[in-house]
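Novice: Take a look at this one; I'll ask things after.
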Amino acid sequence: MIEIKNLSKTFTLHNQGSVVIPVMEAAELTVARGECVALTGASGAGKSTLMRMIYGNYPAAGGSILVDGVDLVTAEPREILALRRDVLGYVSQFLRVVPRVPTLDVVAEPLLSVGVETEAARDRARDLLARLNIPERLWSLSPTSFSGGEQQRVNIARGFAHTYPAMLLDEPTASLDAANRETVLNLIEEAKARGAAIIGIFHDEAARDRVCDREIDVSVFTPGMAA
Amino acid sequence: MTPLLKVENISKFYGRRIGCKDVNFDLYPGEVMGIVGESGSGKSTLLNCLAGHLDPDTGEVLFEMRDGAMRDTVTMSEPERRMLSRTDWAFVHQHARDGLRMNVSAGGNVGERLMAVGARHYGNIRDEAIDWLGRVEINETRVDDRPTQFSGGMQQRLQIARNLVTGPRLVFMDEPTGGLDVSVQARLLDLLRGLVREMGLSAIIVTHDLAVVRLLADRLMVMKDGHVVETGLTDQVLDDPQHAYTQLLVSSVLQV
Amino acid sequence: MSDYNFAYLDEQTKRMIRRAILKGLAIPGYQVPFASREMPMPYGWGTGGVQVSAATLMPEDTLKVIDQGADDTTNAVSIRKFFEKTAGVDTTEETAQASVIQTRHRIPEEDLREDQILVYQVPIPEPLRFLEPSEIETRKMHSLEEYGLMHVKLYEDIAKHGAIATSYAYPVKVEKRYVMDPSPIPKFDNPKMEMAAIQLFGAGREQRIYALPPYCQVVSLDFEDYPFEASKADHACDMCGATNSYLDEVIMDDAGNRMFVCSDTDYCASRRKAGNVGAQAAAASAALKETAA
Numbered sequence: 005m006i007e008i009k010n011l012s013k014t015f016t017l018h019n020q021g022s023v024v025i026p027v028m029e030a031a032e033l034t035v036a037r038g039e040c041v042a043l044t045g046a047s048g049a050g051k052s053t054l055m056r057m058i059y060g061n062y063p064a065a066g067g068s069i070l071v072d073g074v075d076l077v078t079a080e081p082r083e084i085l086a087l088r089r090d091v092l093g094y095v096s097q098f099l100r101v102v103p104r105v106p107t108l109d110v111v112a113e114p115l116l117s118v119g120v121e122t123e124a125a126r127d128r129a130r131d132l133l134a135r136l137n138i139p140e141r142l143w144s145l146s147p148t149s150f151s152g153g154e155q156q157r158v159n160i161a162r163g164f165a166h167t168y169p170a171m172l173l174d175e176p177t178a179s180l181d182a183a184n185r186e187t188v189l190n191l192i193e194e195a196k197a198r199g200a201a202i203i204g205i206f207h208d209e210a211a212r213d214r215v216c217d218r219e220i221d222v223s224v225f226t227p228g229m230a231a
Numbered sequence: 118m119t120p121l122l123k124v125e126n127i128s129k130f131y132g133r134r135i136g137c138k139d140v141n142f143d144l145y146p147g148e149v150m151g152i153v154g155e156s157g158s159g160k161s162t163l164l165n166c167l168a169g170h171l172d173p174d175t176g177e178v179l180f181e182m183r184d185g186a187m188r189d190t191v192t193m194s195e196p197e198r199r200m201l202s203r204t205d206w207a208f209v210h211q212h213a214r215d216g217l218r219m220n221v222s223a224g225g226n227v228g229e230r231l232m233a234v235g236a237r238h239y240g241n242i243r244d245e246a247i248d249w250l251g252r253v254e255i256n257e258t259r260v261d262d263r264p265t266q267f268s269g270g271m272q273q274r275l276q277i278a279r280n281l282v283t284g285p286r287l288v289f290m291d292e293p294t295g296g297l298d299v300s301v302q303a304r305l306l307d308l309l310r311g312l313v314r315e316m317g318l319s320a321i322i323v324t325h326d327l328a329v330v331r332l333l334a335d336r337l338m339v340m341k342d343g344h345v346v347e348t349g350l351t352d353q354v355l356d357d358p359q360h361a362y363t364q365l366l367v368s369s370v371l372q373v
Numbered sequence: 005m006s007d008y009n010f011a012y013l014d015e016q017t018k019r020m021i022r023r024a025i026l027k028g029l030a031i032p033g034y035q036v037p038f039a040s041r042e043m044p045m046p047y048g049w050g051t052g053g054v055q056v057s058a059a060t061l062m063p064e065d066t067l068k069v070i071d072q073g074a075d076d077t078t079n080a081v082s083i084r085k086f087f088e089k090t091a092g093v094d095t096t097e098e099t100a101q102a103s104v105i106q107t108r109h110r111i112p113e114e115d116l117r118e119d120q121i122l123v124y125q126v127p128i129p130e131p132l133r134f135l136e137p138s139e140i141e142t143r144k145m146h147s148l149e150e151y152g153l154m155h156v157k158l159y160e161d162i163a164k165h166g167a168i169a170t171s172y173a174y175p176v177k178v179e180k181r182y183v184m185d186p187s188p189i190p191k192f193d194n195p196k197m198e199m200a201a202i203q204l205f206g207a208g209r210e211q212r213i214y215a216l217p218p219y220c221q222v223v224s225l226d227f228e229d230y231p232f233e234a235s236k237a238d239h240a241c242d243m244c245g246a247t248n249s250y251l252d253e254v255i256m257d258d259a260g261n262r263m264f265v266c267s268d269t270d271y272c273a274s275r276r277k278a279g280n281v282g283a284q285a286a287a288a289s290a291a292l293k294e295t296a297a
């Protein structure tokens, strides 16, 4: 499902004397359906960078990233947009929304984008929000006023609304209490069970051990540090 | 899938000054393209060249007509282009005054395009106008009021309704939220996002506001001094800008 | 006769106006610009109609001039006298006797014939003017047949008044092509515009001439669910009893007594001569005798 070959990345900071910072070299990774792979490594090693590259958010300097047969390094913008809509889901650490949109609609949106009827989409959103213990009285409010933990749970609900065949999860259990962490891990296990290929970043070792089948230490891909 | 719009080598000069130069891109159905840049970047010039308000000096703007043929709108006859801009195209101006008839009621403003393409039943025209006002969250009771009695945000929403009533496939927007209060902006952006998705619209939005473009646009073109310096997915250009100018622009945005 | 050139205008000017008239007849409803001359009357008093009449008149013509249907208002009288003096043509008050009829804001009730010419005085020739102030834009709209705005005006009327409130200068579409302002004639007169005579329209201040050749198709604009109605006061003429002519309302005294009279004075007079009597004919004659005394 996800296949990464010989991937490299540099940052060029033009406004700081055009300094070129190579951050990744010869990265390789394969994730099959139903597998969950954890990215590990010290802070700054490039876990989030790699995840963003897989999502097409950061351009690559070289190599290939195949998701369901589409190479994100060379694909047209509209191909990547279609992939993100139908195939590749991403739960980031931050919730970014249009102000004023009710939580229910924030969570339902990915389903509306793939053509699900409004009420059906909202029903699914309600299920997820309930599972993640977001009180019903908050569903008609914009999540911009919620606490960090609540925002994170809305983020997760939105990420799991549509049954993506491939998912990228960046710290999905951060700032969650035990009960909610359990719910999220269940969601991940359900996704795996239906055949999703998942890449995750988990600082929480217990969570990582529970849902992940393998670990990849991304520091191996840092230039100058290849074993 | 074929592109809805193919822009090829569009350039516009003012004497020796460059308005915009060598602009190329394809736009597909359902895509929203943002064009950002600071004052003098050429973004408005480009938009006006694409929308047929200005004649470019070079290049073609090929649009897929309803019969499937790609026609160059630059060389199209004026009657045809005017008909296009009343049916398949829409243009949302920065100032609602430029895009509305201020001395005609809201219903008349929305109904005008319908009447222009031959609608001749008052009752039906009025019903459709009221329906559209509802979709842009203007209460039915305001249908006979003049835009001069509306707030800025309402005028802008009325402009949107007026433009979308004939079901255009391509919408040009010039700073659609410029000059509006921040809370009003939020509402308008939400409305635009919804309409774009529901109607499968393609849009080209010119703005200097990076936050607007992040919320509305799928793709982004950054312009400086008449040239396109960077282009790509919106989130990619804003999160990992490659060009020096883009990096400068993104880092200059104030955080709230 | 007089020291004036025939009908006041020099021959070159007449030639220019005739060219404009020919073009107008060839393109029914299209506003032809012309070089309007200084006339011995101010703008807004019929200079356009007078110039068109002047260019149209031949020495053998018989001229009738009416102002809102009447031959005897100050303006009708002075224009008639103007042509008597500068052209020396015969003048008449009888519609059937005239070969050229200059009119302000009415069409005679009696059907006109193929050998007659009706000249209208036009204040604002552009039907779209009040909605679109730009001349450049209105010219484009005419040339591209973009008339949506005209229906917007009618829509606004219905929204505001529940019906198309325009009661005069009611816009028409000519030969399915040009939208035209018929001059401020009451909408009651609009159907008459499909006639056997030539109709010429002159706007002196705005410098436009337009025309309708005989039997031209003239359709008043409307909506399917609000069709055009040629309406008039629901009354008969109190002097001659006519039920199908446009009426003026005349206040008789301070007690609120009123009578309705044909606006077309010649039409009323010929009906009365033929023996038709209206409801208040006696009271009317008495009132007339009083004012004459």
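Quick note, the sequences are listed as chains E, H and A, same order.
Counting the first sequence from 1 gives a position; this note's numbering is that position plus 4.
Counting the second sequence from 1 gives a position; this note's numbering is that position plus 117.
Counting the third sequence from 1 gives a position; this note's numbering is that position plus 4.
The C-beta atom is built at its ideal place from N, Cα and C for all residues, glycine as well.
Note that this is a predicted model, so its numbers are computed, not measured.
Please list, in chain order, the residues of the stretch 233 to 266 of chain H that have any C-beta partner in chain A closer than 7 Å.
Specialist: Ala233, Arg237, His238, Tyr239, Gly240, Ile242 and Asp261
Novice: Please classify alanine 230 of chain E: is it buried, with 16 or more other beta-carbons within 10 angstroms of its beta-carbon, or exposed?
Specialist: With a pLDDT of only 47 at alanine 230 of chain E, under the threshold of 50, the placement of this residue in the model should not be trusted; the figure read from the coordinates follows. Result: exposed.
Novice: Hey, would you say threonine 78 of chain A sits closer than 8 Å to glutamate 88 of chain A, going by beta carbons?
Specialist: no
Novice: Should leucine 179 of chain H be flagged as near chain E, meaning a C-beta pair shorter than 8 Å?
Specialist: no
Novice: Could you check whether the Cβ of arginine 403 of chain H sits closer than 8 Å to any Cβ belonging to chain A?
Specialist: The first residue shown for chain H is 118 and the last is 373, placing residue 403 of chain H beyond what the model contains.
Novice: Ignore the nearest five residues each way along the sequence and tell me which others in valine 346 of chain H's own chain have a CB closer than 6 Å to its CB.
Specialist: Cβ contact annotation for valine 346 of chain H (same chain, cutoff 6 Å, sequence separation greater than five): Val339, His360 and Tyr362, in chain order.
Novice: Would you tell me roughly how many angstroms separate the C-alpha atoms of arginine 230 of chain H and arginine 183 of chain H, rounded to the nearest one?
Specialist: 18 Å
Novice: What residues from chain H crowd round phenylalanine 227 of chain A, counting only those whose CB sits closer than 7 Å?
Specialist: Arg237, His238 and Tyr239
Novice: Going along chain H, which residues have a C-beta under 8 Å from valine 102 of chain E?
Specialist: Those within 8 Å of valine 102 of chain E in chain H are Ala303, Leu306, Asp307, Arg310 and Leu332.
Novice: Assuming contact is defined by CB atoms lying nearer than 8 Å, are valine 93 of chain A and leucine 61 of chain A in contact in what I supplied?
Specialist: yes
Novice: Can you list, in chain order, the residues of the stretch 136 to 159 of chain A whose Cβ is nearer than 9 Å to any Cβ on chain H?
Specialist: Glu136, Lys144, Ser147, Leu148, Glu149, Glu150, Tyr151, Gly152, Leu153, Met154, His155, Val156, Lys157, Leu158 and Tyr159
Novice: Is glycine 151 of chain H close to chain E, meaning its C-beta is less than 8 Å from at least one C-beta of that chain?
Specialist: no
Novice: Please go through the same chain and pick out, in chain order, the residues whose beta-carbon is closer than 8 Å to the beta-carbon of leucine 108 of chain E, but skip the five residues on each side of it.
Specialist: Arg126, Ala129, Arg130, Leu133, Trp143 and Ser144
Novice: Find the residues of chain H that neighbour tyrosine 62 of chain E, judging by a C-beta separation of less than 8 Å, and give them in chain order.
Specialist: Gln353, Asp356 and Asp357
Novice: Give me the chain H residues within the contact set of arginine 82 of chain E, using Cβ-Cβ distance strictly less than 7 Å, ordered along the chain.
Specialist: Tyr145 and Glu148
Novice: Using DSSP with H/G/I as helix, E/B as strand and the rest coil, what is leucine 122 of chain H?
Specialist: strand
Novice: Are the C-beta of valine 282 of chain H and some C-beta of chain A separated by less than 8 Å?
Specialist: no
Novice: Check alanine 213 of chain H in the structure and name its three-state DSSP category.
Specialist: Residue state, collapsed to three classes: helix.
Novice: How far does the alpha helix (DSSP H) with phenylalanine 164 of chain E in it extend, from its first residue to its last?
Specialist: 152 to 165
Novice: So if DSSP puts lysine 51 of chain E in a beta bridge, which residue, or which two residues, is it bridged to?
Specialist: Per DSSP, none; premise fails for lysine 51 of chain E.
Novice: Under a three-way DSSP split, which group does valine 260 of chain H fall into?
Specialist: Under the three-state reduction of DSSP output, valine 260 of chain H falls in the coil class, being neither helix nor strand.
Novice: Asparagine 19 of chain E CB to nearest chain H CB: under 8 Å?
Specialist: yes
Novice: Is the CB-CB distance between arginine 336 of chain H and leucine 350 of chain H below 8 Å?
Specialist: Judged by their CB atoms, arginine 336 of chain H and leucine 350 of chain H are nearer to each other than the 8 Å cut-off.
Novice: So valine 41 of chain E and isoleucine 220 of chain E are supposed to be a Cβ contact under 8 Å. How far apart are they, rounded?
Specialist: 6 Å
Novice: My guess is that methionine 249 of chain E and proline 169 of chain E are in contact by the Cβ rule of under 8 Å, so how many angstroms apart are they, rounded?
Specialist: One cannot answer for residue 249 of chain E here, as it falls past the ends of chain E, which runs 5 to 231.
Novice: Please report whether the beta-carbon of glutamate 285 of chain H lies at a distance below 8 Å from any beta-carbon of chain A.
Specialist: First, the residue type needs correcting, since residue 285 of chain H is proline and not glutamate in the sequence shown. Not one chain A Cβ lies under 8 Å of proline 285 of chain H.
Novice: In chain E, which residues lie less than 9 Å from arginine 314 of chain H when you measure between Cβ atoms?
Specialist: Glu113, Leu116 and Ser117
Novice: Assuming glutamate 315 of chain H is part of the alpha helix (DSSP H), what are its boundary residues?
Specialist: Residues 299 to 316.
Novice: Going by Cα to Cα distance, which pick from H:Leu144, H:Met200 and H:Asp189 is closest to proline 81 of chain E?
Specialist: H:Leu144
Novice: Return the CA-CA distance between arginine 243 of chain H and leucine 179 of chain H, expressed in angstroms with no decimal places.
Specialist: 35 Å
Novice: Cysteine 266 of chain A by DSSP, collapsed to three states: which one?
Specialist: strand
Novice: What would DSSP say about threonine 34 of chain E, mapped onto helix, strand or coil?
Specialist: Judged by DSSP in its simplified three-state form, threonine 34 of chain E adopts strand.
Novice: So lysine 164 of chain A contacts chain H; which residues on that side make the cut at Cβ distance below 9 Å?
Specialist: Ser222 and Asp261
Novice: Using beta-carbon positions only, say whether valine 234 of chain H and leucine 250 of chain H come within less than 8 Å of one another.
Specialist: no
Novice: Compute the Euclidean distance between the alpha carbons of alanine 46 of chain E and serine 223 of chain E, then round it to the nearest angstrom.
Specialist: 8 Å
Novice: Give the DSSP bridge partners of valine 140 of chain H, in chain order.
Specialist: Per DSSP, H:Ile127.
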